[in-house]
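Chemist:
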Amino acid sequence: MKTTFIVCAFLAATAVANAQNGANIGMGGSEGNYASLAEKVANLEKKNDAFNVYFNYAASFRTERDSRLNNWNAGFANKQLRLEIKGNIGDHLSYRFRHRLNKTNTAQGEDNFAKATDIMMVGWKFNNKVSLQGGKMCQIWGGFEFDENPMVIYQYSDMVDNMDNFMAGVVASFKPVPTQELAVEVSNAYNNKFNEFYAARSISREALGYRNLEASKAPLTYIANWNGSFLDGKLNTRWSWGLQTQARHKYSRMLVLGQQLNLNKLQWYVDYMGAWDGLDRLGIASNDLAAHLALSPSAKAWASDVHYNSFITKVNWQFAPGWNFMAKGMYETASVSKLEVGKNYRKSYGYIGSIEYYPMRDQDLRVFLAYVGRKYDFKAATGLKNYNTNRIELGFMYRIKAF
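Mapping of the sequence shown onto mature numbering (1 follows the signal peptide of the UniProt record, and there is no 0): residues -19 to -1, 1 to 384, in sequence order.
1. Take residue 356 and list the residues in its own chain whose beta-carbon comes closer than 6 Å to its own, dropping the five residues that flank it on each side.
2. How would you label residue 364, buried or exposed, when you count the other beta carbons within 10 angstroms and need 16 or more for buried?
3. Would residue 349 and residue 377 qualify as a contact pair, given that the criterion is a beta-carbon distance under 8 Å?
4. Starting from residue 332, follow its DSSP beta bridges and name the residues at the other end.
5. Please name the residue or residues paired with residue 53 in a DSSP beta bridge.
6. On the DSSP bridge assignment, give the partners of residue 80 in chain order.
7. Cα separation between residue 94 and residue 147?
8. Exposed or buried, residue 175, counting other C-beta atoms within 10 Å across all chains shown (16 or more means buried)?
9. Report the start-end ranges of each beta strand (DSSP E) in the segment 195 to 242 that is 3 residues or longer and not cut off at the edges.
10. Under 8 Å, with one C-beta from each stretch per pair, do the segment 186 to 200 and the segment 248 to 257 reach the 3-pair mark?
11. From the DSSP output, in three-state form, read off residue 294 for me.
12. Could you check where the alpha helix (DSSP H) with residue 93 kicks off and where it finishes?
13. Which value, in whole angstroms, describes the spacing of the CA atoms of residue 227 and residue 143?
14. Quick check on this structure: which residue in 120, 183, 161 and 179 has the alpha carbon closest to the alpha carbon of residue 218?
15. If the criterion is Cβ atoms closer than 8 Å, does the pair residue 318 and residue 273 meet it?
16. Assuming residue 347 and residue 3 make a contact with CB atoms under 8 Å, what is their CB distance in whole Å?
17. In angstroms, rounded to a whole number, what distance separates the CA positions of residue 306 and residue 335?
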């Protein structure tokens, strides 16, 4: 009985830690009490937190169907493969590097970082209340889906899936009390130069015609963020508001409201994300409605005045020692307000469930069986056909602590 209690307590702690391990924002959250391969294989004792090495690896066998093709296919796939190195040098200096091993290493025109590099940042903690971070980082948009380690995501919402959020910039944070954090960020709006990003579409469709897009002199993003914790960590919030410079006189505004209930054996969050784009930042509407937006078949255009809504909820339940049940739901809408055919033209739904088994107490390893379903409904006037997708996966997720 005592052993069962200890294991249950451990799994509850593990589930909470897994929601943070390798997270996108800042240093990635608490890492839990996992043994490194260096400790297990070479008996090397770690005496400080200056150098930590992780491999985030997820793979699966999957079978999937798209109703537009009306057939099932199957195969093995690498879901995630990222190298992560991070550490704290004394009480003030920290660093973090995270790099995708299956993405292009070509340096981008604006920030000179490869798309494969998610994070390369250095932080300085002045005291327990004030800190500063600079480099390429995940933007501090808030919300709980947005911050989760990509390794543990079976399927992102459409909104997060189409966001470009690893940018060079600087973040300043202030903790008036240990449970409340206020942060501000100024970062690039793009990795590439304006002409590289908009090369294929240099015009936007407006209410009264078309407009040539011009580069902004300062293509920057400004974000204000609040992270709160209440009731001894049982209720947590991640809220943000931001403004992104898309082009000259074209801006995108985004609001994110994330709330989490964090209990011993159950964790549940609800996120709202809303975007008001003067120029279509996500590109979903511009791609869906390309035929209605184009000036000519060879002159594609971007949508203007686009509004996206995203509602996301996810629950993790540790129903037995070594086991976790996950369920996730998504509802999203898209609307191009000044184009009649584009008004409230799209609704999408997501429904995901998985059973996860943790075979080892001292390793961040889970084996899973998951189902992912998506449904897309379009306004009849668009001429787009409604469709749905289904996917079944059997695989594993392993955050390998190498050192």
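All residues carry an ideal CB built from backbone N, CA and C; glycine is no exception.
Modeler: In brief:
1. Reading the sequence shown from its first residue, position 375 is the one you call residue 356. Excluding sequence neighbours, residue 356 sits near 330 and 369.
2. For the purposes of this step, residue 364 is identified with residue 383 of the sequence shown, where counting begins at 1. That one is exposed.
3. Numbered from its first residue, the sequence shown carries residue 349 at position 368. Numbered from its first residue, the sequence shown carries residue 377 at position 396. Yes, they are a contact pair.
4. Walking along the sequence shown from the start, residue 332 turns up at place 351. Residue 332 pairs with 310 and 354.
5. Within the sequence shown, the letter at position 72 stands for residue 53. Beta-bridge pairing links residue 53 to 46.
6. Reading the sequence shown from its first residue, position 99 is the one you call residue 80. For residue 80, which the question treats as bridged, DSSP gives the partners 64 and 98.
7. By one-based count along the sequence shown, residue 94 stands at place 113. By one-based count along the sequence shown, residue 147 stands at place 166. Cα to Cα, the separation comes out at about 10 Å.
8. Locating residue 175 in the sequence shown gives position 194, counting from the first residue. By the 10 Å Cβ count, residue 175 comes out buried.
9. If only complete runs of 3 or more residues are kept, the segment 195 to 242 shows the beta strand (DSSP E) at 201 to 211 and 216 to 228, in order along the chain.
10. Result no; under three Cβ-Cβ pairs closer than 8 Å.
11. Translated into positions along the sequence shown, residue 294 becomes position 313. Residue state for residue 294 is assigned as strand, using DSSP reduced to three classes.
12. Position 112 of the sequence shown, counted from the first residue, corresponds to residue 93. No alpha helix (DSSP H) holds residue 93; DSSP gives it neither H nor E.
13. Taking the first residue of the sequence shown as 1, we reach residue 227 at position 246. Taking the first residue of the sequence shown as 1, we reach residue 143 at position 162. The C-alpha of residue 143 is placed about 15 Å away from the C-alpha of residue 227.
14. What you label residue 218 is simply residue 237 of the sequence shown in a count that begins at 1. Considering only alpha carbons, the answer is 161.
15. Reading the sequence shown from its first residue, position 337 is the one you call residue 318. Reading the sequence shown from its first residue, position 292 is the one you call residue 273. Their beta carbons are not under 8 Å apart, which means residue 318 does not touch residue 273 by this criterion.
16. Position 366 of the sequence shown, counting from 1, holds the residue named residue 347. Position 22 of the sequence shown, counting from 1, holds the residue named residue 3. Between residue 3 and residue 347 the Cβ distance is about 13 Å, and since that is not below 8 Å, they are no contact.
17. Here residue 306 corresponds to residue number 325 of the sequence shown, with the count starting at 1. Here residue 335 corresponds to residue number 354 of the sequence shown, with the count starting at 1. Going from the Cα of residue 306 to the Cα of residue 335 covers about 6 Å.
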